[in-house]
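Encoded as structure tokens, the structure appears first; notes follow it.
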Amino acid sequence: MNVVVMGAGAVGGYYGGKLAQNGESVYFLVRKRRYEQLKQRGLNIESIHGNFSFEPNLIVEPKEVEQPDLVIVALKNYHLEGAMPQLEELVQQGAKLLPLLNGVEHLDLFIEKFGKENVLGGLCYIESTLNEKGDIIQKSPMQDIIFGPLTTQDSSFLENIEKMMKDAKIAVTLTEEILAEIWKKFIFITSLSGITSAVRAPIGVALEDEVTQAFLRNLITEVYKISQARQVEISGDMVDTVMERLKSVSPDLTSSMHKDLKKGLPLELDSMHGYLLTLGEQYNIDLPCLKAIYALLHPYKNGQN
169 MNVVVMGAGA VGGYYGGKLA QNGESVYFLV RKRRYEQLKQ RGLNIESIHG NFSFEPNLIV
229 EPKEVEQPDL VIVALKNYHL EGAMPQLEEL VQQGAKLLPL LNGVEHLDLF IEKFGKENVL
289 GGLCYIESTL NEKGDIIQKS PMQDIIFGPL TTQDSSFLEN IEKMMKDAKI AVTLTEEILA
349 EIWKKFIFIT SLSGITSAVR APIGVALEDE VTQAFLRNLI TEVYKISQAR QVEISGDMVD
409 TVMERLKSVS PDLTSSMHKD LKKGLPLELD SMHGYLLTLG EQYNIDLPCL KAIYALLHPY
469 KNGQN
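Throughout the sequence shown, residue numbering follows our numbering, covering 169 to 473 in sequence.
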């Protein structure tokens, strides 16, 4: 299977690196700056699951790969618009898209542009970041991918993806309920990213303070209400489930949004919290906690660099 990884950052570089290390045919489609960085240093991964380095197969144009089968889309949401022409070219060559982006809005965009038959649902749970040299640092046991079809798909193709990832020691789950899983992740990540970015600290700080913990619970509840308005089939104890999960992780756990905020990088604020506020208006749901998070982070959404 020919795999194209669009975005060799903290997420795409990690998962693509695991696949390449296991002998899979992986092409990293990157922008010029990242191309030069990886050409000079190679792809270096420091992980709790084992460190490794290698020279990645780098490309800057889709035409450089023949017969792409799968595209793992691991970009930030604010880079999607610029990547659409390349994604379109890859789909025209026969590839299916597996997005591992935060949020939900991108799925609507992909389905409208490429059709459900060319898009898989997907998400990942991973804590990884790039250091100042561009190396990938992955510090927690989480390295999970959950994916599944949005419509009828060739089961053997899906099973081949699952096997490929399992062989590469990636914790992967193939599910028929991928939309529900995506919303479960969305509830978790918007709550985690919102609270850690707002307090400028890891999750433990928010949980240790009674007032902030209550605000966090209300934030989770608001996102859950949106999922119910969208008629996503998620169990009624989802708010408790997310709270317990946040309490069970390391108090030092933070979010990619908080890390981007500290680095002065752009934030995925509009595609996450902003998108939920748009849905709130659509369904006439009051979202005071989401509005507060959005307002507090809005001055930094385009970065400070």
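In this text, a Cβ means the ideal position worked out from N, Cα and C, and glycines have one as well.
Predicted model, so just to flag it, every value in this text is computed and none were measured.
Taking all protein chains shown into account, V173 has 16 or more neighbouring C-beta atoms within 10 Å of its C-beta and is therefore buried.
With respect to the C-alpha of Q189, the residue from V179, E223, V198, N170 having the closest C-alpha is E223.
At the C-beta level, V171 and V194 come within 8 Å of one another. Leaving aside the five residues that flank D312 on each side, the residues in its chain whose CB is nearer than 6 Å to its CB run, in chain order, Y293, A339. Per DSSP, the unbroken alpha helix (DSSP H) holding D276 starts and ends at 273-282.
Distance from the CA atom of A382 to the CA atom of E376, rounded to whole angstroms, is 11 Å. In the DSSP assignment, no residue is bridged to T364. Of the residues assessed, E390 falls on the buried side of the cut-off, its CB having 16 or more other CB atoms within 10 angstroms. Scanning its chain for C-beta atoms nearer than 7 Å, with the 5 sequence neighbours on each side dropped, one finds around T319 the residues K284, E285, in chain order. When DSSP states are grouped into helix, strand and coil, G180 belongs to the helix group.
S403 carries a coil assignment under DSSP once its states are collapsed to helix, strand and coil.
Taking 8 Å as the upper bound for CB-CB distance, I314 and E344 are not in contact here, some 11 Å apart.
One Cα belongs to P230, the other to E257, and the distance between them is close to 7 Å. In the structure shown, the three-state DSSP call for D312 is strand. Boundaries of the beta strand (DSSP E) harbouring P267: 264-267, taken from the DSSP string. Sixteen is the threshold: since fewer than 16 other Cβ atoms of the shown chains lie within 10 Å of the Cβ of E300, the residue is exposed. In terms of Cβ geometry, L387 and I461 form a close pair [threshold 8 Å]. In this structure, L238 and I346 do not form a Cβ contact; the two beta carbons are roughly 15 Å apart against a cut-off of 8 Å.
Per the C-alpha coordinates, the member of G191, G185, G316, E192 positioned closest to N212 is G185. Between the alpha carbons of L243 and L298 lies a distance of about 14 Å.
Within the same chain, K281 come within 8 Å of M252 by CB-CB distance, once the 5 residues on both sides are set aside. Boundaries of the alpha helix (DSSP H) harbouring Y462: 456-465, taken from the DSSP string. Contact check for V228 and K207: beta-carbon distance about 11 Å, past the 8 Å limit, so the pair fails to qualify. Membership of E249 in the alpha helix (DSSP H) is indicated by the continuous run 248-260. When only Cα atoms are considered, L414 and E232 end up about 43 Å apart.
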